[in-house]
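*Asks:* Please see the structure below; I have some questions.
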Amino acid sequence: MSAVDWSLTWEDDLDAGAHAELAGLLRRCFPRSRRLDGSRSWASARPEVRLVGRRDGRAVAHIAVLRRYLRVAGDDRDLLVGDVGLVGVDPDQQGRGTGRLLLVELAGVLDGWALPFGFLTTSDDLTGFYAAGGWARVPARTRMIEPDGRVEVYGGPSMVLPVRSPMADWPAADVVDRNGYEV
Numbered sequence: 001m002s003a004v005d006w007s008l009t010w011e012d013d014l015d016a017g018a019h020a021e022l023a024g025l026l027r028r029c030f031p032r033s034r035r036l037d038g039s040r041s042w043a044s045a046r047p048e049v050r051l052v053g054r055r056d057g058r059a060v061a062h063i064a065v066l067r068r069y070l071r072v073a074g075d076d077r078d079l080l081v082g083d084v085g086l087v088g089v090d091p092d093q094q095g096r097g098t099g100r101l102l103l104v105e106l107a108g109v110l111d112g113w114a115l116p117f118g119f120l121t122t123s124d125d126l127t128g129f130y131a132a133g134g135w136a137r138v139p140a141r142t143r144m145i146e147p148d149g150r151v152e153v154y155g156g157p158s159m160v161l162p163v164r165s166p167m168a169d170w171p172a173a174d175v176v177d178r179n180g181y182e183v
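Going by the UniProt record's numbering, the letters in the sequence shown line up with residues 1 to 183, in that order.
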C-alpha cells in the first residue's frame, strides 16, 4: 500500500476541477448528505483551507478548517479556535489508519497557526475516533446557524483539541456560540 501524500490548500486556490474531485470524495464519505451535490464541496460555511490526503494521486481523506472566534456564554472573552468540519476518509480506505494520520496532520496545521484549540461538533458514534486523536468531549452545547438560516443549539457532542493551550484553559460553559454556520 502506498503512502498518503498530504496537501493544504487555501479555499480561494481550488479550481472547479478540485471542487468536483473533493465533492466526489465527500459524497462517498457522507452518502446521506443532501447538501453535497454536484460539484459543491462544502456543506455549510466555506472553509478557509482544506487538508487533503491522496494515495496514488487520488483524494482519499479530507478535513476543512476555518479560524473563528467562539463566544462563550457567561464569559467575557471570545475564544479563537480552528473550527473543523467535513472530516472524511473514503470508505474503501477506512480501517487502514488513514483517519488517524489525518488527525495528526490536522494537529500540525493548527499548531502551525498557533491556535489554542481545535473545535468540532460530531455524532456520538464518532467521539471514540476523535478521542483516540487527542480530542476531548466538552459538556457545552454549540449554538450555530443552520443552512436554512435558523439559529439552533446542537444537542450532539462538541469536542476540543488542546493545541497551544492546555485543556484546563477551556472555559466551563453550558453553551458556546459558533456565530455562524458549521464548517
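Heads up, the beta-carbon is just placed ideally off N, CA and C, and yes, glycines get one too. Given the structure is predicted, the values throughout are model-derived calculations rather than measurements.
With distances taken Cα to Cα, identify the nearest neighbour of residue 119 among 125, 128, 107.
*Replies:* 107
*Asks:* What residue range is occupied by the uninterrupted beta strand (DSSP E) comprising residue 5?
*Replies:* 5-10
*Asks:* Using 8 Å as the threshold, is the C-beta distance between residue 65 and residue 10 below it?
*Replies:* no
*Asks:* Measuring CB to CB, does residue 161 end up less than 8 Å from residue 129?
*Replies:* Contact flag unset, no.
*Asks:* Between which two residues does the alpha helix (DSSP H) harbouring residue 28 extend?
*Replies:* 16-29
*Asks:* Secondary structure at residue 120, three-state DSSP: helix, strand or coil?
*Replies:* strand
*Asks:* What are the start and end residues of the beta strand (DSSP E) that includes residue 180?
*Replies:* Run containing residue 180: 175-181, per the beta strand (DSSP E) assignment.
*Asks:* Kindly indicate the opening and closing residues of the alpha helix (DSSP H) around residue 53.
*Replies:* Segment 49-55 is the beta strand (DSSP E) holding residue 53; no alpha helix (DSSP H) there.
*Asks:* I'd like the ranges of any beta strand (DSSP E) spanning at least 3 consecutive residues and lying wholly in the region 50-138.
*Replies:* 58-72, 78-89, 117-121, 136-138
*Asks:* What span of residues does the beta strand (DSSP E) with residue 36 cover, start to end?
*Replies:* That residue, residue 36, is in no beta strand (DSSP E); it is neither H nor E in DSSP.
*Asks:* Would residue 182 and residue 99 qualify as a contact pair, given that the criterion is a beta-carbon distance under 8 Å?
*Replies:* no
*Asks:* Assuming residue 62 contacts residue 39 under a Cβ cut-off of 8 Å, what Cβ separation, rounded to an integer in Å, is found between them?
*Replies:* Not quite, the Cβ-Cβ distance comes to about 15 Å (not below 8 Å), so this is no contact.
*Asks:* DSSP beta-bridge partners for residue 144?
*Replies:* 152.
*Asks:* Okay, do the region 88-96 and the region 52-62 touch, 3+ Cβ pairs below 8 Å being the bar?
*Replies:* yes
*Asks:* Taking the alpha carbon of residue 122 as the reference point, which residue from 52, 154, 74, 21 has its own alpha carbon closest?
*Replies:* Nearest to residue 122 by C-alpha distance, out of 52, 154, 74, 21, is 154.
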